[in-house]
Amino acid sequence: MNSFRLLEHTADMGIAAEGETLAALFQQAALGLRQIITACTDIQPSQEILVEVQGQDREELLVNWLSELLFLLESRQFLPAAFEIDNVTDYQLRARVRGETLDADRHYLEREIKAVTYHQIKVEETASGWRVQVFVDL
Amino acid sequence: MSVKVRQIDACRWRIPREGAMRTDGLVFVDRAMMAVLQKEKALEQVRNVATLPGIVGPSIAMPDIHWGYGFPIGGVAAFDAEQGVISPGGVGYDINCGVRLLRTELTVDEVRPRIEKLADELFRNVPSGVGSHRRDLKLSVAEERKVLTKGARWAVENGFGRVEDLEHIEEKGTLAGADPEVISDRALERGRNQLGTLGSGNHFLEVDLVEEIGDQQAANVLGLFPGQVTVTIHTGSRGLGYQVCDDHLRMMLHAAHKYGIELPDRQLCCAPLNSPEGKQYLAAMACAANFAFANRQLITAWVRESFERVLGKSSDELRISVIYDVCHNIAKMETHQFEGQTRRLCVHRKGATRAFPPGHADTPELYRSVGQPVLIPGDMGRYSYVLVGTQGAFEETFGSTCHGAGRVLSRHAAKKLARGRNIEAELAARGIIIRASSRATLAEEISESYKDVLDVVNVVEQAGIGKIVARLRPLAVVKG
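This is the structure we're talking about:
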C-alpha cells in the first residue's frame, strides 16, 4: 500500500513511508515532508519544476530528493502540490514537481525543517514493496 | 540497550570505558535526571562520541542532555589538534545557534504600560516565522561573502549597531579562518534571504525583567539590577548554516571511510582536523558562525529601533547595550591545560556554552573580574538565567557549561496538551505577552514541553561549572 505517517520524537519528527514501487515510496516520503511543513490543502499545481538528483545509494538518494524540495521552498518559495516520479534507480531520480509560489495570504507554514538527516535511515524491500523511515531536524 | 553508569557524586556520573570507547563518559545530572535519561538513547550517544579518534579527556554531557543527531545535545568533546577529528554532527545543523542579551536602563514600571505596543513593534520589525524577511535588506552574493568573512563587524560597518557591541560578543563577533570559497552556491542561496531573521521553532526574541539577583557583585559588573528590562535574542545561522552542515555531512561520510574511521552512527561522520576535509569544514563552519553573529547584530539594531519608536526616546538615552553574545553550537580551537600539559584542542560544544573563568584572556576586559557571561534560556512561560563561567568549568569541562532547558515532550504530545486551551490568554494572565507567527509553534513551545531550566542550572552550580548571577522573567515573547 502507498502511504505515509509522521513519527514523533522528543525534539524532532520523522516520516515512515511505504510504497508498492520505489517511485511510490519516494512520492509518499515527499508527501510526508510537506505534511510536516504545512497542513494547507489549497496549493495549486500551476507550475512544474523538473527535479533530478543523484546519490551513492538509495538512502542518500532519498535524503537528496527531500533536501531538494526543502531548497525549492526556501530559496524559490515554491510550495509543492503533487509529485510525479518519472524514473528512479538506486542512484538517481527524475521527477516533476507541481505546485505554486508561496502566497502569504492563502498559505500557512507551520514548521521550518532545518535538514533531512541520515539518522537510522534504511530503505527496505518488503513483501509488498518498499518502506523507509527518515527523520528531519526541526 | 542500557548504558552502564557509576555515580561519582550528587551531580556527576561516569560511563566506564568499554568496547570501542577510547575514554570514559562524564555526565552532569542529578539522580532524578539520570532515572529519565536511562530510558533514552542519549547516553549511548555519549558513549559513541567516546569512540572517536583523538578525543582528549572524557566525552562530556551537560544536565540539559537529550538525544540529538550523532552527538547528544548538551555534549562537549575535545579533540587533539594533531591526532583528533572534527565532526559536523558535533556542532549541529544550526551552526552558531546562540543567545544574545541586551541591557537597558528601563525599569519594568516604565515598560509595562506600553508592553503590548512594544511586542507588536518587535513582531513587525524583526522578521520571524518560515519564509519571512525584511524587504529593505537585499544582499548581493559579493556582499553575502563579506558577511561570512566579517560576521557582526559587517553589520556594524553597514550601520547596524555600534563598534562597542563587538567587544561583548564571543570571538568579538568574527570567528577567524572563514573562507567563503568553500561555501556551496546552494548554501549562499538559502542564506541570502534569511540574514536578519529569527526563524521558527525554539528561536525567540524576548523582552525580560530581571527578577532576582543571585550574585550581587557579578550582577553589578554585568550591569544588571532588579526590576530592569533586558532583551534576549535566540537564533542562529538560518538556512546557510543548515546547508553548510548538510553539505559537509555528505563530504564527511566519504572522508570517514577514506581515513578508516569506524562510525557507530552515520551522523557522527568526521575527518582528521589536519586533513583537507577537516580544514574545509572548519573554514565553512566559521563562515556560518559569522553569518549567525551578523544575524543577531542586525536583530539588535532593529530591537533598538523598536524601543526608540515605542518609548519615544533615543537608544542612547535608553542605553541599550550588549551584555554578551554566546554560541551554543560550535567547534573552537582553544588552548587548555590537560593533565599538567598545555594542549591545543578542538572543543566541540553542541548545545553547550563556553564558560571561561575570571581572569581568562578571552573573557572581555569589563567582565574579567567575574568570568564570562553565560546565557541560559528557559521556556517562554517561566524564566531564563544569566550565569558566569568558573575555574571549575575550565578545569573539568574545557570551559563549558549547559545551554538551556531541553525538550521533554514531543511536538505531538505538546499539541495534545495544548488542545482546547488558550495559550495566549494563559500567558497573559501571568503577565507575558506573546506574538507568534505560527499557531503550531505556540502549542508546541508551551512551558510543559521543556524541562524546568532551574533544575539544569542548579546542577551546573552545584557541580561548580557555572555560577548563577540573575534570573530573568519574560514580559513579551516573539516566536516564529
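Protein chains in written order, with this note's numbering: chain A, 1 to 138; chain B, 1 to 480.
Ideal Cβ positions, reconstructed from N, Cα and C, are used throughout, including at glycine.
Query                                                                                                                   : Result
Phenylalanine 225 of chain B versus B:Asp208, B:Ser237 and B:Gly241, residue with shortest Cα-Cα distance               : B:Asp208
Short Cβ contact (8 Å threshold) for threonine 117 of chain A with tyrosine 281 of chain B                              : no
Valine 310 of chain B CB to nearest heavy atom of the ligand ZN below 7 Å                                               : Looking for the ligand ZN in the displayed structure turns up nothing, as the structure carries no ligands at all.
Chain-ordered neighbours of phenylalanine 4 of chain A on chain B, where CB pairs are closer than 7 Å                   : Per Cβ cutoff of 7 Å: no residues; phenylalanine 4 of chain A is ~15 Å from chain B at best.
Cβ neighbour criterion (16 or more within 10 Å) applied to tyrosine 324 of chain B                                      : buried
Beta-carbon gap between valine 347 of chain B and valine 46 of chain B smaller than 8 Å                                 : no
For phenylalanine 79 of chain B, the three-state DSSP class (helix, strand or coil)                                     : strand
Selection from B:Gln194, B:Ser184 and B:Leu37 that minimises the alpha carbon distance to histidine 66 of chain B       : B:Leu37
is_contact[arginine 111 of chain A, chain B] using C-beta, thresh 8 Å                                                   : yes
Cβ neighbour criterion (16 or more within 10 Å) applied to alanine 20 of chain B                                        : exposed
Within chain A, partners of glutamate 189 of chain B - CB distance below 7 Å                                            : Ser75
Buried or exposed by the 16-neighbour rule on C-beta atoms within 10 Å, applied to leucine 205 of chain B               : buried
Short Cβ contact (8 Å threshold) for valine 457 of chain B with leucine 409 of chain B                                  : no
Beta strand (DSSP E) segments (min. 3 residues) lying fully within the region 13-76 of chain B                          : 25-27 and 55-66
Under 9 Å (Cβ pairs) to chain A, residues found in the region 16-35 of chain B                                          : none
Burial state of methionine 1 of chain A (16 or more Cβ within 10 Å)                                                     : exposed
Cα-Cα separation, asparagine 193 of chain B to lysine 138 of chain B                                                    : 8 Å
Backbone secondary structure at cysteine 346 of chain B - three-state DSSP                                              : strand
Element boundaries [beta strand (DSSP E), containing arginine 5 of chain A]                                             : 3-8
Closer than 8 Å to chain A by CB, histidine 66 of chain B                                                               : yes
First through last residue of the beta strand (DSSP E) which encompasses valine 386 of chain B                          : 384-388
Cβ neighbour criterion (16 or more within 10 Å) applied to valine 132 of chain A                                        : buried
Every unbroken alpha helix (DSSP H) within the region 54-101 of chain A, with a cutoff of 4 residues, ordered by chain  : 58-76
As assigned by DSSP and simplified to three states, the class of asparagine 329 of chain B                              : strand
Beta-carbon proximity check, glycine 241 of chain B vs alanine 288 of chain B, cutoff 8 Å                               : yes
Closer than 8 Å to chain A by CB, glutamine 45 of chain B                                                               : no
Beta-ladder partner(s) of glycine 14 of chain A, from DSSP                                                              : A:Leu7 and A:Phe135
Listed by chain order, chain B residues near glutamate 8 of chain A by CB distance under 8 Å                            : Ser410, Arg411, His412 and Ala413
Test: phenylalanine 71 of chain A CB closer than 8 Å to a CB of chain D                                                 : Absent from the structure: chain D. Protein chains present are A and B.
Amino acids of chain B, ordered along the chain, whose beta-carbon sits closer than 8 Å to that of serine 67 of chain A : Asp246
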